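In what follows, a structure is listed as structure tokens, so that the remarks can point back to it.
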Amino acid sequence: MDLSIENIINQKLDAVFKALNLDTKFAFAKASDRPDLSDFQCNGALALAKSERKNPREIASLIAAELEKDSDFAKVSIDGPGFINLTLSNAFLGNIIDQAAADERFGCGQTSARKKVVMDFGGPNVAKALHVGHLRSAVVGESIRRIEQFIGNEVISDVHFGDWGTPMGMILSEVIRQDGDLSKIESYDINQISAFYKQANIRCKEDESAKEQARLLTTKIQDKVPEYYQAWQHLRKVSIDAVKKNYDELDAHFDLWLGESDAHDASFEIVKIAKDKGMSEVDDGATIIRLEEKNNQQRPPVILVKSDGGFAYQVTDIATIKMRYDDLKADEIIYVVDKRQSLHFEQVFEVSEKLGIAPNVKFMHIGFGTVNGADGKPFKTRDGGVMNLEDLIQLSKDKVRESLPKAGEVEGYGEAEIEKMVSQIAMAAIKFQDLKNNIGSGYIFELEDFAKFEGKTGPYIQYAVARINSIIRKAATAGISEGSVIISNKEERDLALKIAQFGNTVMRAHSEHEPSIISDYVYTLAQCFSSFYNVSSIMNAESAELASSRLKLAKLVRDILVQLLYLLGIEAPEVMLKAAP
Ligand code: ARG
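In this note's numbering, the protein residues as written are 3 to 583.
This is the structure in structure tokens:
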């Protein structure tokens, strides 16, 4: 069921345009530029004036005359050079809301052609703790995953673990340098392995032979020489266990925990296909594919096999596309990765198309901007180091704890309950701050206001939900039940119009791959509810019918907010506490 108000009006316009033999391309309405005059406006007559060789007002009056016959409109008027202004009747609006409330999707339509979408996000690497740069991939990726699922696509998410490059050889050679061999490797935990990696990094920068040794060991791992391969398996396992904890906390879900290493065999196939098609060449010991200029710009070649014999980052991604087509039968593959990797994906997609390894698959790279500090540069710790994701979460929790009562201060809220709430609110604060920005632009991580209960924040929306929950509980105690929606004042009308945009909002967020469309809507819906509740009491309503109508509106707003928060990856606690001032 699609109850989006714009779509319903567009269907009405479409029918009228057809009846009048007018081009239906212009049969659409948008929210009114003058909300004081009307709910919606259609500018179609202006666009048609030229081709019809008529005065726009003349065409507008033909259209308006038809629309006036429809009792769903309370008012149809022609203003200015030929704008058609439309105001819906309260009865019609109330009826739409009743239908939305009765629908488990609140009137949001579903995709007509269900697709299989593989989503690649997360992208953590062996032996490296997740840092703030990984935040957006997990947060934006998870939100888009949920939106895809909600509109009816089948989604398979894959973390695409970075487990096959030179860092693997670097770690093992550093362990050998310090221990003499790899016999102790299985006793090392993630912190020890990360420390080896840090030392290896420094050494390889200074010492060419250390670098050479690391490359050699990487090839041994990739060739599955047992001693090195087994040691590598341990590195991979401890690293996965560590990042899984982070992703659990972020509530980011991955169906598959495959990595670059899983594309090893398919990489041989890619090299062979490229060679057979005459597309690759050997240059300075490396196997590469040259791509033609784009926009008069030369582009670097795509590297399949490096001069040391190892597979390059690019070929692993191309091989992974082949697997996602062959094994997973993907119709579409979406990557949520830092936009600084745009050229990489442009080239990977282009080569995959040229090689014909995934015919008709739609590729998309959703590139996000960086999370910055107040200086506009990537967010750092106070002492200038990289901000770990865990530290960032800790920092947010400490901030949130300041606004909550202490354990035991409120009956029924001991340590565990308070900590659960702290975590729910801190995650909402982090995620909402991220998702209220356009994906493509970077944003400044705001350390003071992001966890406040007022303003455009996650906790504000959670608080709005908890407040409605409490209103609903009170109404239940007073014996009020839900009834048909009656629109009796301006605030009810505004709220109803807002609710009726739910489906359209989700659809737009989906087609534009932009969760910020949802966060904007969530925020204005919460504000609209607040204005409504300020003037429209449930407990002291003018009549029993109005009380029942308002209760239904309140419940629907709560359900929609909870649903949309879910699409942003945010939980809504039933109750929210606040520290005594
Ligand atoms: N591990 C990579 C990095 O840290 C990101 C992986 C992104 N996904 C992909 N399919 N290439 O840069």
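In this text, a Cβ means the ideal position worked out from N, Cα and C, and glycines have one as well. From a predicted model like this one, the values you see are computed outputs, not experimental measurements.
Between the region 538 to 551 and the region 389 to 396 there are fewer than three inter-stretch CB-CB distances shorter than 8 angstroms, so the stretches are not counted as touching.
Two segments are said to touch when three or more pairs of C-beta atoms, one from each, lie closer than 8 angstroms; by this definition the region 340 to 350 touches the region 363 to 382.
At least one heavy atom of ligand 1 is found less than 7 angstroms from the C-beta of V339.
For A102, same chain residues with a beta-carbon under 6 angstroms away, outside a window of 5 residues either side, are L5, F108, G109 in chain order. Spatial neighbours of E573 in its own chain (CB-CB distance under 6 angstroms, excluding positions within 5 residues in sequence) are listed in chain order as Q426.
Residue state for K274 is assigned as helix, using DSSP reduced to three classes.
Under the DSSP definition of a beta bridge, K77 partners with T89. Taking 8 angstroms as the upper bound for CB-CB distance, H162 and T383 are not in contact here, some 27 angstroms apart. Between the region 289 to 306 and the region 236 to 256, the count of Cβ pairs shorter than 8 angstroms is below three; the stretches do not touch.
Cβ contact annotation for I291 (same chain, cutoff 7 angstroms, sequence separation greater than five): A276, M281, S282, P303, V304, L306, V353, in chain order.
Rounded to the nearest angstrom, the Cβ distance from I204 to G171 is 16 angstroms, too far for a contact under 8 angstroms. Judged by their CB atoms, M541 and Y465 are not nearer to each other than the 8 angstroms cut-off.
The alpha carbon of L527 has as its nearest neighbour, out of P37, S513, V564, the alpha carbon of V564. Cα atoms of W259 and E348: separation of roughly 24 angstroms, rounded to the nearest angstrom. For L306, the secondary structure class from DSSP, reduced to helix, strand or coil, is strand. Rounded to whole angstroms, the separation of the alpha carbons of F85 and I149 is 35 angstroms. Our two residues, Q151 and V157, have alpha carbons roughly 6 angstroms apart in a direct line. For the pair H236 and I272, the CB atoms are not nearer than the 8 angstroms cut-off.
When only Cα atoms are considered, D319 and E262 end up about 8 angstroms apart.
Scanning A409, N471, D451, P380 for the CA closest to the CA of S443 turns up P380. Taking a cut-off of 8 angstroms on C-beta distances, the region 520 to 534 does not touch the region 51 to 64, as fewer than three cross pairs fall below it. With distances taken between CA atoms, A66 lies nearest to L88 out of D74, L88, L50, K52. Under the criterion of beta carbons closer than 8 angstroms, D250 and S159 do not qualify as touching, at roughly 14 angstroms. By a beta-carbon distance limit of 8 angstroms, D253 contacts E144. Their separation comes to about 7 angstroms. Rounded to the nearest whole angstrom, the CA to CA distance from P83 to I7 is 25 angstroms.
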